[in-house]
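Asker:
Protein chains: 2
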Amino acid sequence: MAVTAVPFPLPRDACSIAGSLELVGERWSLLVIREVAWGNHRFSDIARGTGAPRDRLTARLNALVTAGVLEKRPYSDSPPRSGYHLTAAGRDLLPVLQALLQWGDKWVAAEPPLRLKHAPAGHPEHAIDAEWICRTCGEPATGSRVTRELTPAGRALSGLPADEDHDHEH
Amino acid sequence: MAVTAVPFPLPRDACSIAGSLELVGERWSLLVIREVAWGNHRFSDIARGTGAPRDRLTARLNALVTAGVLEKRPYSDSPPRSGYHLTAAGRDLLPVLQALLQWGDKWVAAEPPLRLKHAPAGHPEHAIDAEWICRTCGEPATGSRVTRELTPAGRALSGLPADEDHDHEH
Chain X
-18 MAVTAVPFPL PRDACSIAGS LELVGERWSL LVIREVAWGN HRFSDIARGT
32 GAPRDRLTAR LNALVTAGVL EKRPYSDSPP RSGYHLTAAG RDLLPVLQAL
82 LQWGDKWVAA EPPLRLKHAP AGHPEHAIDA EWICRTCGEP ATGSRVTREL
132 TPAGRALSGL PADEDHDHEH
Chain Y
-18 MAVTAVPFPL PRDACSIAGS LELVGERWSL LVIREVAWGN HRFSDIARGT
32 GAPRDRLTAR LNALVTAGVL EKRPYSDSPP RSGYHLTAAG RDLLPVLQAL
82 LQWGDKWVAA EPPLRLKHAP AGHPEHAIDA EWICRTCGEP ATGSRVTREL
132 TPAGRALSGL PADEDHDHEH
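Quick note, the sequences are listed as chains X and Y, same order.
If you count by this note's numbering, then the first sequence holds residues -18 to 151, one letter each, in order.
If you count by this note's numbering, then the second sequence holds residues -18 to 151, one letter each, in order.
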């Protein structure tokens, strides 16, 4: 996510941001994932929690199941009923929601209605103020501290030769 | 972003996630922010980089300027031309994009075309594997490690009395 001056020649949809947005980059999708993460598993509860029109919600839920972000699990035999649960891929979207929540608390909400707290006992009673930390060195890893480079796959997509000095994997 | 069993009675649009998605929860908006973050400031470059239809891109850019996420800065007097740059609020969206990129690298892309690297010299040549860390205690702060509670503002929105034990700020 570097702020560098020279754009990459990467084809527009090759980036993983575009790939993610293709699956979940829509208001209802991310609100659905919020509802399920917060314990609303039934269609009617997800509909009420998101405010999504029922036909669009049905389409979104089916798409998220097909994409492997949600899975259906039965909760009643008669009548037969299933609820929606996060898969491992769905749980991995929680940092995206947390980033949106933190941004909205800072830049959108006059008075944030929810406060996230860190679960460990004795943790101070204030909102979490999280940041991206590099697992390798433990330092913050966002904004201008981050650079990006094409992988071999990215170089191939961009029509660039594979043997330049950025390419360490051939 | 806790996975707790009991949903909150919060009105559906009061949450800051909904507020954020109202502003930037749309495929083109987040791709526009990606392009500007990566150094594409001119309309034509943003159009090429996102693939957005020009009329929708114009509407999105205007909305993002009105929302305070982007700002226009002149780069030519004759003809008069302006480019788009991230404001402080826009730069604060980079963790959202980084979360989407990391998710897409893991769950969408067969071979990620881009690799993010931590800028400090001597840092290993592999992709950043960042996680949300609580600034207070330095521990991971996502998923089940996070709980949520209503703030006084949230209790008022939900029609709940303000004097329950969760409410420490009155």
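C-beta atoms are modelled at their ideal positions from N, C-alpha and C, and glycine is treated no differently.
Does residue 1/Y pass the burial test, meaning 16 or more other C-beta atoms within 10 Å, or should it be called exposed?
Answerer: Within the second sequence, residue 1/Y is the residue found at index 20, counting from 1. The residue is buried, with at least 16 neighbouring Cβ atoms inside 10 Å.
Asker: Check the C-beta distance from residue 132/Y over to residue 34/X and give it rounded, since I have them as a contact under 8 Å.
Answerer: Numbered from 1 along the second sequence, position 151 holds the residue referred to as residue 132/Y. Numbered from 1 along the first sequence, position 53 holds the residue referred to as residue 34/X. With a Cβ gap of about 30 Å, residue 132/Y and residue 34/X do not count as contacting.
Asker: Which term fits residue 39/Y, buried or exposed, when burial requires 16 or more other beta carbons within 10 angstroms of its beta carbon?
Answerer: For this step, residue 39/Y is matched to residue 58 along the second sequence. The residue in question, residue 39/Y, is exposed, as its Cβ has fewer than 16 Cβ neighbours within 10 Å.
Asker: Here's a check: name, in chain order, each residue in its chain whose Cβ is nearer than 8 Å to the Cβ of residue 228/Y, leaving out the five neighbours to either side.
Answerer: Outside the modelled stretch of chain Y, which goes from -18 to 151, sits residue 228/Y, for which no answer is possible.
Asker: For the region 56 to 77 of chain Y, list every residue whose C-beta sits within 7 Å of some C-beta in chain X, in sequence order.
Answerer: Within the region 56 to 77 of chain Y, the qualifying residues are 70, 72, 73, 74, 75, 76, 77.
Asker: Under 8 Å Cβ-Cβ, which residues of chain X neighbour residue 138/Y?
Answerer: Numbered from its first residue, the second sequence carries residue 138/Y at position 157. The contacting residues are 94.
Asker: Candidates 44/Y, 65/Y, 6/Y: which alpha carbon is nearest residue 19/Y's?
Answerer: Your numbering for residue 19/Y matches position 38 in the second sequence. Of the candidates 44/Y, 65/Y, 6/Y, the one whose C-alpha sits nearest the C-alpha of residue 19/Y is 65/Y.
Asker: When you compare only the Cα positions, how much space is there between residue -16/X and residue 60/X?
Answerer: Numbered from its first residue, the first sequence carries residue -16/X at position 3. Numbered from its first residue, the first sequence carries residue 60/X at position 79. Below a pLDDT of 50, predicted positions are generally treated as unreliable, and residue -16/X, at 30, falls in that range; the measurement from the model is reported next regardless. Each residue's Cα considered, the two are about 55 Å apart.
Asker: How is residue 55/Y classed by DSSP in three states: helix, strand or coil?
Answerer: What you label residue 55/Y is simply residue 74 of the second sequence in a count that begins at 1. In this structure, residue 55/Y counts as strand in the three-state DSSP scheme.
Asker: Sort 17/Y, 48/Y, 9/Y, 127/Y by Cα distance to residue 32/Y and report the nearest one.
Answerer: Taking the second sequence and counting its residues from 1, one reaches residue 32/Y at position 51. When only C-alpha atoms are compared, the closest one is 9/Y.
Asker: From the DSSP secondary-structure annotation, give me the bridge partner or partners of residue 128/X.
Answerer: For this step, residue 128/X is matched to residue 147 along the first sequence. Paired residue(s): 98/Y.
Asker: Identify whether residue 7/Y lies in helix, strand or coil by the three-state DSSP scheme.
Answerer: Counting from 1 along the second sequence, the entry for residue 7/Y is found at position 26. Correct three-state label for residue 7/Y: strand.
Asker: Spell out the partners DSSP gives residue 113/Y in its beta bridges.
Answerer: The sequence position of residue 113/Y within the second sequence is 132, counting from 1. DSSP, once it has assigned bridges, lists 113/X as partnering residue 113/Y.
Asker: In terms of residue numbering, what span does the alpha helix (DSSP H) encompassing residue 82/X cover?
Answerer: One-based indexing of the first sequence puts residue 82/X at position 101. First-last of the alpha helix (DSSP H) with residue 82/X: 75 to 88.
Asker: Does DSSP put residue 139/X in a helix, in a strand, or in coil?
Answerer: Against the first sequence, residue 139/X aligns to sequence position 158. Residue 139/X: coil per DSSP, three-state reduction.
Asker: Are the beta-carbon atoms belonging to residue 113/X and residue 79/Y less than 8 Å from one another?
Answerer: Here residue 113/X is taken as the residue at index 132 of the first sequence, counted from 1. Here residue 79/Y is taken as the residue at index 98 of the second sequence, counted from 1. Contact: yes.
Asker: Any idea what DSSP makes of residue 133/Y, helix, strand or coil?
Answerer: Counted from its first residue, the second sequence places residue 133/Y at position 152. Three-state result, residue 133/Y: helix.
Asker: What did DSSP end up calling residue 30/X once you bin it into helix, strand or coil?
Answerer: For the purposes of this step, residue 30/X is taken as the residue at position 49 of the first sequence. In this structure, residue 30/X counts as helix in the three-state DSSP scheme.
Asker: Work out the CA separation of residue 138/Y and residue 120/Y for me, nearest whole Å.
Answerer: Locating residue 120/Y in the second sequence gives position 139, where the first residue counts as 1. Locating residue 138/Y in the second sequence gives position 157, where the first residue counts as 1. Near 32 Å, if we compare the C-alpha coordinates of residue 138/Y and residue 120/Y.
Asker: Quick one: what does DSSP say residue 71/X is sitting in, helix, strand or coil?
Answerer: By 1-based counting over the first sequence, the position of residue 71/X is 90. Helix at residue 71/X.
Asker: Can you confirm whether residue 13/Y, when its beta carbon is compared against all beta carbons of chain X, has any partner nearer than 8 Å?
Answerer: Along the second sequence, one-based indexing puts residue 13/Y at 32. Output row for residue 13/Y: interface = no.
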